[in-house]
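Notes follow once the structure below has been shown.
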Amino acid sequence: MRTALIGCLAAGVMWAGTQPKTAAKDYPVRARLKGAAIAAEYHYRALPIEGGAVTPNSLVVEVAVFPDEGKPIEVRTEHFRLRVNAEPYGSGPQSPAAVAGEMKAPKYANRTGVEMGGGVGDAGVMVGRPPPVERFPGDPRARRGPSAPRAPEDASLPSKTEKKADWQWVEELALDEGPHERAASGLLYFLFEKSAKKIKSLSLDYDGPAGRTSLKLM
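In terms of the numbering used here, the sequence shown is residues 19 to 236.
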């Protein structure tokens, strides 16, 4: 994300997708193909917004396509598939509307904890679980209790003070499909109802106008 996004939000201007980083090398994984570079970043179940938010049943991957100068390229969600634990084929992205609908459902909106972690060396965390109640002044059990994790402060992330519900960010930050002359980036949502702790490896496959590649996310 870039600080320019905050300026556009403040001015009331918005586009679909996320703000691309400066270059493909700025993403954790990337590949150079004929006519474009493909890059990605795995966000577990989290939306990359200020204050944080998590999806109930989806893995979130931010993808970016950097066309070569003067060579527009078609960008579609169907060009991407996610393979979990080296499965042979993988699955395509869900529609943002479906993910947003789940987040609007009361059974998810009212939950006190949502699993977010599950990567290598990550046992998983619970977001929103209240700390233990102090039974008496200086209660050591309350002091040892886990506090809810806080997302790092980053002025470049979209701000939840923009009066948008979490489910609205799901649709707004989704990958903008269509022909692009310049870099385009956005979120893809892949259905995964199991615990993220069960994921041992994760690969994002691209098969589109630029060619084919597989990006190892973890």
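Every residue gets a Cβ at the ideal spot worked out from N, C-alpha and C, and that includes glycine.
Check	Outcome
Three or more beta-carbon pairs under 8 Å between the region 106 to 121 and the region 225 to 234, yes or no?	no
Is residue 202 helix, strand or coil by DSSP?	strand
Is DSSP giving residue 223 helix, strand or coil here?	strand
Sort 76, 55, 88 by Cα distance to residue 61 and report the nearest one.	76
Name the one or two DSSP bridge partners that residue 231 has.	224
In whole angstroms, give me the CA-to-CA distance for residue 194 and residue 214.	26 Å
Using only alpha-carbon positions, find the residue among 68, 92, 229 that is nearest to residue 181.	68
Where does residue 197 land, buried or exposed, given buried means 16+ other C-beta within 10 angstroms?	exposed
Following the continuous beta strand (DSSP E) through residue 214, name the residue where it begins and the one where it ends.	Per DSSP, residue 214 belongs to no beta strand (DSSP E) and is neither H nor E.
Would you mind sorting residue 219 into buried or exposed? The rule is 16 or more other CB atoms within 10 Å of its CB.	exposed
Per DSSP, residue 85 is paired with what?	54
Under 6 Å Cβ to Cβ from residue 161, same chain only, skipping five residues before and after it: list those, please.	The predicted model places residue 161 with a pLDDT of 40, which falls under 50 and marks its position as unreliable, so this point remains unresolved.
Where does residue 87 land, buried or exposed, given buried means 16+ other C-beta within 10 angstroms?	exposed
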